[in-house]
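Q: For reference, the structure I am asking about is given below.
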Amino acid sequence: MPAIVTGIVYALLGVILAAGGVWLVTLGGSWYYLLAGLGIVVTGALLIARRPAALWVYSAVLVGTLVWAVWEVGFDWWQLAPRGGLLVLLGIWLLLPWIDDHLDEGREDIPTFWQGAGVPLLVSVVLGLVAAGYAMIAPSGTPSGALPTEQRAEAPSDQGVPPDEWHAYGRTGYGQRYSPLDQINRQNVAQLEVAWTYHTGDIRRPIDPEETTYEVTPLKVDDTLYLCTPYNLVIALDAETGEERWTFDPQVPIDTMRQHQTCRGVSYHRAENAEPGAACTQRVFMPTADARLIALDAETGAICPSFGDNGTIDLHANMPNQSESSYYSTSPPVIAGGLIVIGGTVYDNVSVNETSGVIRAFDVDTGDLVWNWDSGNPDQTAPIAPDQTYTPNSPNSWSIFSVDDALGLVYVPLGNQPPDQWGANRTPNAERFSSSVVALDLATGQLRWSFQTVHHDLWDMDVPAQPTLVDLQMDQGVVPALVQPTKQGDIYVLDRRTGEPVLPVREEPAPQGAVEPDFTHPTQPRSALSLEPPPLRERDMWGVSLFDQLACRIQFHRLRYEGRYTPPSLQGTIVYPGNFGVMNWGGVAVDPVRQVLFAMPGYLAFTSRLIPRGDDTSRYVTEPQRLGLNENFGAPYAVTMGPFLSLLGLPCQAPPWGYVAGADLRTGEIAYMHKNGTVRDQAPVPLPIKMGVPGIGGPIITGGGVAFLSGTIDNYVRAYDLTTGRQIWEDRLPAGGQATPMTYTSSSGRQMVVVVAGGHGSLGTDAGDSIIAYALPEG
12 MPAIVTGIVY
22 ALLGVILAAG
32 GVWLVTLGGS
42 WYYLLAGLGI
52 VVTGALLIAR
62 RPAALWVYSA
72 VLVGTLVWAV
82 WEVGFDWWQL
92 APRGGLLVLL
102 GIWLLLPWID
112 DHLDEGREDI
122 PTFWQGAGVP
132 LLVSVVLGLV
142 AAGYAMIAPS
152 GTPSGALPTE
162 QRAEAPSDQG
172 VPPDEWHAYG
182 RTGYGQRYSP
192 LDQINRQNVA
202 QLEVAWTYHT
212 GDIRRPIDPE
222 ETTYEVTPLK
232 VDDTLYLCTP
242 YNLVIALDAE
252 TGEERWTFDP
262 QVPIDTMRQH
272 QTCRGVSYHR
282 AENAEPGAAC
292 TQRVFMPTAD
302 ARLIALDAET
312 GAICPSFGDN
322 GTIDLHANMP
332 NQSESSYYST
342 SPPVIAGGLI
352 VIGGTVYDNV
362 SVNETSGVIR
372 AFDVDTGDLV
382 WNWDSGNPDQ
392 TAPIAPDQTY
402 TPNSPNSWSI
412 FSVDDALGLV
422 YVPLGNQPPD
432 QWGANRTPNA
442 ERFSSSVVAL
452 DLATGQLRWS
462 FQTVHHDLWD
472 MDVPAQPTLV
482 DLQMDQGVVP
492 ALVQPTKQGD
502 IYVLDRRTGE
512 PVLPVREEPA
522 PQGAVEPDFT
532 HPTQPRSALS
542 LEPPPLRERD
552 MWGVSLFDQL
562 ACRIQFHRLR
572 YEGRYTPPSL
582 QGTIVYPGNF
592 GVMNWGGVAV
602 DPVRQVLFAM
612 PGYLAFTSRL
622 IPRGDDTSRY
632 VTEPQRLGLN
642 ENFGAPYAVT
652 MGPFLSLLGL
662 PCQAPPWGYV
672 AGADLRTGEI
682 AYMHKNGTVR
692 DQAPVPLPIK
702 MGVPGIGGPI
712 ITGGGVAFLS
722 GTIDNYVRAY
732 DLTTGRQIWE
742 DRLPAGGQAT
752 PMTYTSSSGR
762 QMVVVVAGGH
772 GSLGTDAGDS
782 IIAYALPEG
């Protein structure tokens with residue numbers, strides 16, 4: 012009876028696998044699943060007949076599977092396991108006595124196994140286990156070298172920021188996320204311990220928007236930390252103890268239709284030649300989620316009444332197509348040359364009639380508008396009249412700017428003109444500036460140069476990250492460079508004076524065939540320095556078993572995919588790299604002395620599918636009470652989109668999904684890529700299996716040769732050896748750490764590393780409100 016029941020089960024499994032295999036073959040995919048399914052069906056039939064030949068047939072299935080799997084993916088453990096794991100277990104089951112002893116033997120006094128039927132099965136099972144064991148220790152195939160360790164450039168001036176402080180989102184206006192501090196180094200980082208913890212009290216609530224996230228990087232000036240929370244509370248803490256000094260609540264109303272509820276940071280300014288004891292000589296600026304820019308006294312947290320209208324600028328001024336929460340800034344503005352320069356985010360893919368993505372500069376003391384750069388009218392930068400409006404639906408900049416005071420330039424990363432997946436009606440200026448980085452004259456706002464990273468962007472490939480400025484020692488001498496990370500994985504190294512490439516950029520043919528009357532650009536740029544993943548293949552599809560892997564392979568062939576920049580389609584398109592991007596707003600960290608960068612690239616494929624719209628008001632992809640993301644009101648198509656997932660909710664592409672990477676900025680060489688993060692907080696069983704996971708957030712680098720990051724989807728902060736990329740420390744966080752850390756020296760001389768653990772709504776990480784400082788033990 013056990014053999015018969017087992018036979019029925021095996022036959023059913025085989026039928027399912029073979030049926031899926033037929034579907035896959037008709038789509039042009041692998042024949043393996045059909046052949047393996049038939050083999051398992053035969054095995055089941057022979058088991059029902061109690062024939063020892065069942066073990067011979069199943070042995071052939073196992074051996075064939077092993078040969079096929081190694082041919083497809085080599086000795087990659089995470090790819091071999093779903094191909095053979097279940098089949099090996101089924102083979103072991105057939106070797107157990109209650110199966111073996113119930114098969115019809117040729118001689119009743121000799122068990123089936125010793126008559127030969129079990130020997131090949133045992134051998135095939137052992138071969139599978141040996142292959143799996145070797146795959147667990149086999150080299151990964153990714154670069155595993157080392158970055159240069161020598162000093163290759165003079166230490167930078169740090170734009171007047173003391174070595175022990177952190178004055179801007181990227182520490183300085185250069186956005187390097189580099190600190191020269193070296194008290195914490197590769198030798199002692201493992202001794203780090205919590206020095207203090209502060210709770211902001213801004214806890215995510217069920218009524219909050221889904222995209223309620225802690226993304227703040229605190230500032231440190233003198234002996235005080237300044238930070239914000241998702242609802243724009245501004246908090247000042249004692250940098251030594253973490254004790255609260257003051258808080259300011261701008262009373263941002265709850266709005267469930269708000270797309271993003273986050274704050275990446277505040278900005279700081281110290282007035283020159285201020286009278287001693289005067290109020291507001293040091294200011295903290297807070298852009299709010301209801302489109303205000305507020306100036307606060309850094310000493311007390313009180314509003315600075317001389318700025319704007321009683322301390323506040325209304326960023327809705329002169330904006331077209333205004334609606335509740337349709338425009339606001341989630342990133343800290345940049346301050347230089349007596350100006351505060353700010354952009355903002357607009358609704359993404361709601362309609363074709365959104366507000367403007369204008370960039371504006373205000374007098375940092377008075378709040379008066381000094382210039383406005385409107386990409387729809389780029390040559391006219393003088394402040395517009397009160398009764399005029401900026402160009403609607405123009406590319407916006409929701410990320411962080413950088414500034415070079417010496418050159419008098421501010422560098423702005425721009426997004427795409429909404430809607431992302433439909434561009435037939437874009438204006439010439441939208442085509443010119445979408446998904447670009449632009450250099451604007453700091454004093455006047457006039458355009459100096461622009462560089463486009465995606466032509467006619469149909470994939471939501473906004474330029475998401477702060478440009479990083481660094482002076483590179485090249486063969487031709489010192490080159491003032493700009494390093495621009497992108498969602499598609501390219502890292503452009505440009506001369507920041509002119510926008511000309513320092514490392515080569517070439518135009519390559521791109522897939523064609525957009526839904527008419529839209530079009531795709533015939534070529535797309537590609538940088539010599541790139542962390543772009545290789546194109547997906549059917550063999551890259553993944554699952555925990557043959558069955559969900561087969562489903563992903565079928566889906567792979569049913570969707571349109573011709574590599575990077577496959578246009579959106581009615582049948583559905585695989586977007587890879589996906590919408591989260593290889594890199595996002597966290598950017599990269601650059602060591603200006605060693606002339607190297609450190610990044611945390613993520614690889615997660617998305618899918619998109621165009622949905623024909625019958626009118627401009629009906630909802631096709633959202634409920635009436637929701638914001639209407641991806642409805643694209645006014646366009647001919649709505650769009651459904653999301654990660655490319657299996658039936659079990661796991662990525663259809665094989666891991667790793669996240670790495671740390673180090674690169675030489677002078678040559679463009681990738682020195683190493685190592686898996687980053689575990690599935691502990693996302694898997695059904697909370698095991699810290701290091702598969703390499705995606706994340707949102709960014710890294711920092713210190714003079715001690717250590718890189719810190721906390722952006723992965725597991726609740727950890729980690730330290731990596733900058734030279735080799737090897738992990739050298741980690742600590743468990745109470746919530747998701749999707750923010751970029753920072754470091755400073757306290758008044759007692761201790762180097763602190765501060766991590767924000769509050770979680771990320773769309774990533775689904777644990778919510779919290781913790782600000783945690785780490786330091787070496789005292790004494």
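For any residue, its number in my numbering is found by taking its place in the sequence shown, counting from 1, and adding 11. C-beta atoms are modelled at their ideal positions from N, C-alpha and C, and glycine is treated no differently.
(1) Are the CB atoms of Lys231 and Glu176 nearer to each other than 8 Å?
(2) Can you give the Cα-Cα distance for Asp213 and Pro515, rounded to whole angstroms?
(3) Could you tell me the distance, in whole angstroms, from the CA atom of Met684 to the CA atom of Ile502?
(4) Hey, Arg507 and Pro546 are a contact pair by Cβ (cut 8 Å); roughly how many whole angstroms apart?
(5) Using the rule of at least 16 other Cβ atoms within 10 Å of the residue's Cβ for burial, across every protein chain shown, is Arg569 buried or exposed?
(6) One question on the structure: do Leu733 and Gly669 come within less than 8 Å of each other, judged by their Cβ atoms?
(7) Kindly indicate which three-state DSSP category Arg537 falls into: helix, strand or coil?
(8) Three-state secondary structure (DSSP) at Met594?
(9) What are the residues that DSSP puts in a beta bridge with Lys231?
(10) Our contact map puts Trp553 next to Pro699 with C-beta atoms below 8 Å; I'd like the distance itself, whole angstroms only.
(11) Is Gly32 buried or exposed, if buried means 16 or more other CB atoms sit within 10 Å of its CB?
(12) As a quick exercise: from Thr751, Val766, Gly747, Gly790, pick the residue whose alpha carbon is nearest that of Arg215.
(13) Can you give the Cα-Cα distance for Ala302 and Asp415, rounded to whole angstroms?
(14) Give every residue of the same chain whose Cβ lies closer than 7 Å to the Cβ of Asp87, excluding the five residues on either side of it in the sequence, and list them in chain order.
(15) Work out the CA separation of Thr17 and Leu58 for me, nearest whole Å.
(16) Among Thr633, Cys563, Thr754, which one has its Cα closest to the Cα of Phe44?
(17) Which residues does DSSP pair with Ala718 in a beta bridge?
(18) Measure from the alpha carbon of Ala128 to the alpha carbon of each residue in Ala201, Val172, Trp67, Thr628, then state which is nearest.
(19) What's the call for Ser759, buried or exposed, on a 16-neighbour Cβ count within 10 Å?
(20) Can we say the stretch 618–626 touches the stretch 324–344, given the rule of at least three CB pairs closer than 8 Å?
(21) Contact defined as beta carbons within less than 8 Å: I believe Phe462 pairs with Gly378. What is the distance between those atoms, to the nearest angstrom?
(22) Which residue wins for smallest C-alpha separation from Pro579, given the options Gln432, Arg691, Arg61, Phe444?
(23) One question on the structure: do Thr419 and Asp473 come within less than 8 Å of each other, judged by their Cβ atoms?
(24) From the DSSP output, in three-state form, read off Val481 for me.
(25) Just to confirm, is the Cβ distance from Ala300 to Gln272 under 8 Å?
(26) With respect to the alpha helix (DSSP H) encompassing Tyr69, which residues constitute its N-terminal and C-terminal limits?
(27) Mapping the DSSP letters down to three states, classify Met472 as helix, strand or coil.
(28) Beta-carbon within less than 6 Å of Gln194's beta-carbon, same chain only, minus the 5 sequence neighbours each way: which residues are those?
(29) If you draw a straight line from the alpha carbon of Leu638 to that of Glu221, how long is it in whole angstroms?
(30) By DSSP, does Phe644 sit in helix, in strand, or in coil?
(31) Tell me whether the stretch 748–756 and the stretch 716–732 touch, counting them as touching only if at least three CB pairs, one residue from each stretch, are closer than 8 Å.
(32) Since Gly770 and Gly779 should fall inside the 8 Å C-beta cutoff, what is the C-beta to C-beta distance between them, to a whole number of angstroms?
(33) Alpha helix (DSSP H) containing Gly32: first to last residue?
(34) Cα separation between Val526 and Pro478?
(35) May I ask you to report which of helix, strand or coil DSSP gives Val526?
(36) Grab me the residues of Thr805's own chain with a C-beta within less than 6 Å of its C-beta, minus the 5 sequence neighbours each way, in chain order.
A: Reading it off the structure:
(1) Start at 1 with the first residue of the sequence shown, and residue 231 comes out as number 220. Start at 1 with the first residue of the sequence shown, and residue 176 comes out as number 165. In this structure, Lys231 sits near Glu176, with a CB-CB distance shorter than 8 Å.
(2) Here residue 213 is taken as the residue at index 202 of the sequence shown, counted from 1. Here residue 515 is taken as the residue at index 504 of the sequence shown, counted from 1. Straight-line spacing of the CA atoms in Asp213 and Pro515 works out to 46 Å.
(3) Taking the sequence shown and counting its residues from 1, one reaches residue 684 at position 673. Taking the sequence shown and counting its residues from 1, one reaches residue 502 at position 491. Taking the straight line from one Cα to the other gives about 15 Å.
(4) Within the sequence shown, the letter at position 496 stands for residue 507. Within the sequence shown, the letter at position 535 stands for residue 546. The C-beta distance from Arg507 to Pro546 rounds to 32 Å, too long to meet the 8 Å contact threshold.
(5) To locate residue 569, count along the sequence shown from 1; it is residue 558. Classification of Arg569: exposed, given that the 10 Å Cβ count is below 16.
(6) Position 722 of the sequence shown holds residue 733. Position 658 of the sequence shown holds residue 669. No, they are not a contact pair.
(7) Within the sequence shown, numbered from 1, the residue matching residue 537 stands at position 526. Three-state DSSP puts Arg537 in a strand.
(8) Counting from one through the sequence shown, the residue named residue 594 turns up at place 583. DSSP places Met594 in coil when its eight states are reduced to three.
(9) Position 220 of the sequence shown holds residue 231. Lys231 is bridged to Trp177, Leu236.
(10) Reading the sequence shown from its first residue, position 542 is the one you call residue 553. Reading the sequence shown from its first residue, position 688 is the one you call residue 699. The distance from the Cβ of Trp553 to that of Pro699 is about 20 Å, inconsistent with a contact at the 8 Å cut-off.
(11) Sequence index remark: in the sequence shown, residue 32 carries index 21 (1-based). Buried, because 16 or more other Cβ atoms sit within 10 Å of the Cβ of Gly32.
(12) Residue mapping note: residue 215 aligns to position 204 of the sequence shown, counting from 1. Answer by Cα proximity: Gly747.
(13) Here residue 302 is taken as the residue at index 291 of the sequence shown, counted from 1. Here residue 415 is taken as the residue at index 404 of the sequence shown, counted from 1. Spanning the two alpha carbons is a distance of roughly 27 Å.
(14) Walking along the sequence shown from the start, residue 87 turns up at place 76. Correct list, in chain order: Ala146.
(15) Along the sequence shown, read from residue 1 onward, the residue named residue 58 stands at position 47. Along the sequence shown, read from residue 1 onward, the residue named residue 17 stands at position 6. Looking at the two C-alpha atoms, the distance is approximately 7 Å.
(16) Here residue 44 refers to the residue found at position 33 when the sequence shown is read from its first residue. According to the sequence provided, residue 44 is Tyr. The question's Phe does not apply to it. When C-alpha distances from Tyr44 are compared across Thr633, Cys563, Thr754, the shortest belongs to Cys563.
(17) Numbered from its first residue, the sequence shown carries residue 718 at position 707. Note: Ala718 sits in a beta bridge opposite Ile712, Tyr731.
(18) Here residue 128 is taken as the residue at index 117 of the sequence shown, counted from 1. Ranked by how close their Cα comes to the Cα of Ala128, the residues Ala201, Val172, Trp67, Thr628 have Trp67 in first place.
(19) For the purposes of this step, residue 759 is taken as the residue at position 748 of the sequence shown. Exposed, because fewer than 16 other Cβ atoms sit within 10 Å of the Cβ of Ser759.
(20) Fewer than three pairs of CB atoms, one per stretch, sit closer than 8 Å, so the stretch 618–626 makes no contact with the stretch 324–344.
(21) If you number the sequence shown from 1, residue 462 lands on position 451. If you number the sequence shown from 1, residue 378 lands on position 367. Wrong, their Cβ atoms sit about 31 Å apart, outside the cutoff.
(22) Here residue 579 is taken as the residue at index 568 of the sequence shown, counted from 1. With distances taken between Cα atoms, Pro579 lies closest to Gln432.
(23) Counted from its first residue, the sequence shown places residue 419 at position 408. Counted from its first residue, the sequence shown places residue 473 at position 462. Checking the sequence, you will find Gly at residue 419 rather than Thr. Contact flag unset, no.
(24) Within the sequence shown, numbered from 1, the residue matching residue 481 stands at position 470. DSSP places Val481 in strand when its eight states are reduced to three.
(25) Taking the first residue of the sequence shown as position 1, residue 300 is located at position 289. Taking the first residue of the sequence shown as position 1, residue 272 is located at position 261. Yes, they are a contact pair.
(26) To locate residue 69, count along the sequence shown from 1; it is residue 58. In the DSSP assignment, Tyr69 falls within the unbroken alpha helix (DSSP H) covering 64–84.
(27) Looking up residue 472 in the sequence shown gives position 461. Coil.
(28) Position 183 of the sequence shown, counted from the start, is the residue given in the question as residue 194. Residues of the same chain with a CB within less than 6 Å of the CB of Gln194, apart from the 5 flanking positions on each side, are Gln762 in chain order.
(29) Counted from its first residue, the sequence shown places residue 638 at position 627. Counted from its first residue, the sequence shown places residue 221 at position 210. Their Cα atoms are separated by approximately 11 Å.
(30) In the sequence shown, counting from the first residue as 1, residue 644 sits at position 633. When DSSP states are grouped into helix, strand and coil, Phe644 belongs to the strand group.
(31) The answer is yes - the stretch 716–732 touches the stretch 748–756, with three or more Cβ pairs under 8 Å.
(32) The residue labelled residue 770 in the question sits at position 759 within the sequence shown. The residue labelled residue 779 in the question sits at position 768 within the sequence shown. Indeed they touch by this definition, with Cβ atoms about 6 Å apart.
(33) Your numbering for residue 32 matches position 21 in the sequence shown. It spans 13–37 - the alpha helix (DSSP H) in which Gly32 sits, taken as one unbroken run.
(34) The residue you call residue 526 lines up with position 515 of the sequence shown. The residue you call residue 478 lines up with position 467 of the sequence shown. Between the alpha carbons of Val526 and Pro478 lies a distance of about 33 Å.
(35) Taking the sequence shown and counting its residues from 1, one reaches residue 526 at position 515. In this structure, Val526 counts as coil in the three-state DSSP scheme.
(36) Given that the chain is displayed from residue 12 to residue 790, the structure contains no residue 805 and the question cannot be resolved.
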